[in-house]
Every structure is written in structure tokens, then in C-alpha cells.
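Have a look at the structure below before the remarks.
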Amino acid sequence: MAKVALVYNLIHFEGLRGRPLDMLAEYDSEETIAALRTALEVGGHEVLPLEADETIMEQLCETQPDIVFNIAEGLRGESREAHVPAICEMLGLHYTGSGPLALATCLNKARTKEVLLHHGIPTPRFQVLASPDAPLSDALRYPLIVKLLHEGSSMGLSDASVVDDEVALRAQVTYLIETYREPALIEEFIEGREFTVGLLGNDPPQVLPIIEVIFDSPRGIVLFEVDPEVAVKMDSANIDYSHLPYIPHCSVCPAPVDAGLQARIEERAVRAFTALGCRDWGRMEMRLGPDGELYILEVNPIAGIDPSYWLPWAAEVGGYSYAAFVNAILDHALRRNGHTLA
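See below:
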């Protein structure tokens, strides 16, 4: 079995310094790391937990793992998710998941959409605004949704994100740029059924059972929520999270879709995963528009992997225990890198 470096970024409340709570949304809890470590150990591997701080290169040089199980989100910068894979490649270390180019591309929503469009894969029309007063393209039609350009985990989204006019648009763009210090992505809002699709493996990847996210309103979107175990620690640290907005929704897996729609969703997911150069595992969101078209909204090559999250749930519905799913990700990466599995 392998000597596996489990590389991650933990939630650290002191890093907020008055910034919005959702700026911690991408990071993992100690409970998630413990679950991953246990799962890998069940697979017979030696596990070395390493936090991806500024010393990660030295840590990897000292430990010399056979492979890195990478779930690190990175500390800062518009290509932060690419940092650990780039370091691994420089050091000649094998690692799970997508490479630096795919991770940097997928973290930038505009670049993701440009690649998808080049490959003929539908995605909502969009524009990037780098300043609050930049002109809006005449090609865009309300309603629009205002997102951060290069963030995930619903960071920056709120019940004010879907806008119907110029006043609401400018208010939300101004808030995002001034608060998060990065450009805003303006996208035509697709009112329709939303699906979350997980993928596992390569050449071609396996599409896991589809999840449908069902909202109380056609304007529903998924917002950042505090995990229960994190909420306990926030309570202990006297951090107030009661102001966070919530849009009611529920999730169904497998999604209640007919065979034709299922095949379309699966085909589109594999095409998008492949076009963006993703590897081993990932998750994406898409919506079925009023015109009957399936639109890719976002692609997440480092999806949330806590046992309670969507991707492990879809894997469980597909017949994988949590440990089996985690070790399947590792096995795909080992095969891809020429390792012989015992």
C-alpha cells in the first residue's frame, strides 16, 4: 500500500479579521480531515496529514510520500487551488485530482465558460465587471446573477445576488468588488431545474447518481451554510453567524429524471469534465433552462468531500461506502501515474 500525504487547508477563525464569514467556506474542518484519514487507513495506506500553509514544500520534501491526496484550496491568490499541484510537479511527486492548469481554469468562472463555449458546451451568457461602474453588455438580459469571478462554495452569494434591474445590479457588483477585492461575474440567470453531478475516474469518468436541488422558488440558489460541527466551534469562539441568509431547498438523489434527460446530463457532464482537463474526481452544477437546454453553471475539481456533502452522498447512492469512494479516488490517481495496485 501507499504512503499518502493528505494535504488540506483547515478553517482558522483568526484569519477572518472582520471579513465575511463565507471567506472560510472553501476550507475544511478537523472532522473532515479525520474522516478522510480514517477512510484512507481503512484502505491500508499510511497517512501523513499535512496542512498546506507556507511550509508545505518543506513538509513534502521531508516526508517524501508515494502520492499526495490533495484537497488543498490554497491560501490566497486567484489561482490558489493550483498551488499544491504545481509544487508537487516541481518536486516530482504524484498527486490525486486535476493539474494546475485545470484547477486555475475552473476557479476562474469566466475562463471555465470560455473553454466550455469553445467545445460547444452551453453555459449562460456572461460578462466580467472589474469596476462597479463598468458598462453592461447590451447582449445580456435580466434577470442576472452576480457572482465572484474566482471563488467557489457559494462565496459572495446572497438573497440579493439575483437582480432584475440596473440599480440592484450596481449595488451587488459594488458590494462584491469592495468586500472581496476581486471582479464580479455577471451571468444570465437560468430559471429551471438544478442538478449536481459527481464524476469519478478517467477515460471516461464514471458519472455518479445525479442529485437534483429543489427550491421553494424559481429564483432559488444555494447559499453558504455553516456546517454543524463548525457552528459548535463558532459558538465557543463567540462568532455570530445568525445573519447568514438561507434560501429553503432540499436535495434528491437519484434525481427524478427520465432516461433521456439522464443520458443528456451524463453526456454533458463527461464532455465538460474532459474539455476542462479534469482528472480522478469532481462535481459540477447545471440547470435545465426553459428552452430545454442544459447549461453548465460551474465545475468544481476539488469538491467538498466531507461524508455529509453532496459528492460522497451521490457515491453512496451509487454503491460506494465513504471509505470505498475515497480510496477509489486514490486508486484512479495511482493507476494514472503508473502504480501497480496490490
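Counting from 1 along the sequence shown, just add 723 to a position and that's the residue number in our numbering.
Ideal Cβ positions, reconstructed from N, Cα and C, are used throughout, including at glycine.
Using only alpha-carbon positions, find the residue among the options that is nearest to residue i.
{"i": "GLY1027", "options": "GLY1041, LEU1017, MET1007", "result": "MET1007"}
{"i": "LEU1031", "options": "PRO1024, LEU729, ASP751", "result": "One point to set straight first is that residue 1031 is Ser, not Leu, in the sequence displayed. With distances taken between Cα atoms, SER1031 lies closest to ASP751."}
{"i": "PRO1024", "options": "CYS973, LEU771, LEU824, ASP981", "result": "LEU824"}
{"i": "PRO788", "options": "GLY875, PRO927, VAL770, THR1063", "result": "VAL770"}
{"i": "GLN782", "options": "CYS829, LEU759, VAL807", "result": "VAL807"}
{"i": "ILE900", "options": "GLU948, GLU1016, LEU871", "result": "LEU871"}
{"i": "VAL791", "options": "ALA995, ARG799, LEU759", "result": "LEU759"}
{"i": "GLN985", "options": "ILE934, ALA827, THR997, ASP1003", "result": "ILE934"}
{"i": "TRP1036", "options": "GLY921, GLU785, GLY1015", "result": "GLY921"}
{"i": "LEU814", "options": "ARG1059, VAL727, CYS784, ALA1038", "result": "CYS784"}
{"i": "GLU948", "options": "PRO932, GLY1061, PRO855, LEU880", "result": "LEU880"}
{"i": "ALA762", "options": "GLN895, GLY1061, ALA1046", "result": "ALA1046"}
{"i": "LEU931", "options": "LEU908, LEU999, PHE996, GLY1041", "result": "GLY1041"}
{"i": "ARG1002", "options": "LEU747, ALA1056, GLY843, LEU1020", "result": "ALA1056"}
{"i": "PHE996", "options": "MET746, ILE844, ALA748", "result": "ILE844"}
Looking at the structure shown, is residue i part of a helix, part of a strand, or coil, going by DSSP?
{"i": "TYR750", "result": "coil"}
{"i": "ASN925", "result": "coil"}
{"i": "TYR731", "result": "strand"}
{"i": "VAL869", "result": "strand"}
{"i": "ALA992", "result": "helix"}
{"i": "ILE937", "result": "strand"}
{"i": "ARG904", "result": "coil"}
{"i": "PRO772", "result": "strand"}
{"i": "THR919", "result": "strand"}
{"i": "GLU804", "result": "helix"}
{"i": "ILE792", "result": "The amino acid at residue 792 is misidentified as Ile; the sequence shows Phe. Strand at PHE792."}
{"i": "LEU759", "result": "helix"}
{"i": "GLU911", "result": "strand"}
{"i": "VAL896", "result": "helix"}
{"i": "VAL885", "result": "strand"}
{"i": "VAL945", "result": "coil"}
{"i": "VAL930", "result": "strand"}
Just reading off the alpha helix (DSSP H) that residue i is part of, what are its end residues?
{"i": "ARG1058", "result": "1045-1059"}
{"i": "ALA1038", "result": "1033-1040"}
{"i": "ILE779", "result": "779-786"}
Who are the near neighbours of residue i in its chain, counting only those whose CB is closer than 8 Å to its CB and skipping five residues on each side?
{"i": "LEU733", "result": "TYR750, ASP751, SER752, GLU753, ILE756, GLU774"}
{"i": "CYS811", "result": "LEU783, VAL791, ASN793, HIS817, TYR818"}
{"i": "ASP1029", "result": "ASP751, SER752, GLU754, THR755, ALA758, ASP950, PRO1035"}
Who are the near neighbours of residue i in its chain, counting only those whose CB is closer than 7 Å to its CB and skipping five residues on each side?
{"i": "VAL936", "result": "GLU917, THR919, VAL945, HIS972, SER974"}
{"i": "VAL885", "result": "PRO866, ILE868, PHE912, ARG942, ILE944"}
{"i": "PRO743", "result": "THR902"}
{"i": "LEU1011", "result": "GLY915, ARG916, LEU1017"}
{"i": "PRO977", "result": "PRO932, ILE933, VAL1040"}
{"i": "ALA853", "result": "PRO906"}
{"i": "ALA833", "result": "PHE849, VAL851, LEU872, LEU908"}
In chain order, what residues of the same chain lie with their CB nearer than 6 Å to the CB of residue i, ignoring the 5 residues before and after it?
{"i": "PRO847", "result": "GLU910, GLU911, ILE913, TYR1018"}
{"i": "ASN1050", "result": "GLY766"}
{"i": "HIS873", "result": "GLU801, LEU830, ASN831"}
{"i": "ALA809", "result": "PRO823"}
Taking the beta strand (DSSP E) that residue i belongs to, which residues open and close that run?
{"i": "ARG1010", "result": "1004-1011"}
{"i": "GLU1021", "result": "1017-1023"}
{"i": "CYS973", "result": "972-975"}
Contained beta strand (DSSP E) runs [length at least 3] in the region 811-868, N- to C-terminal order: Runs found: 849-852.
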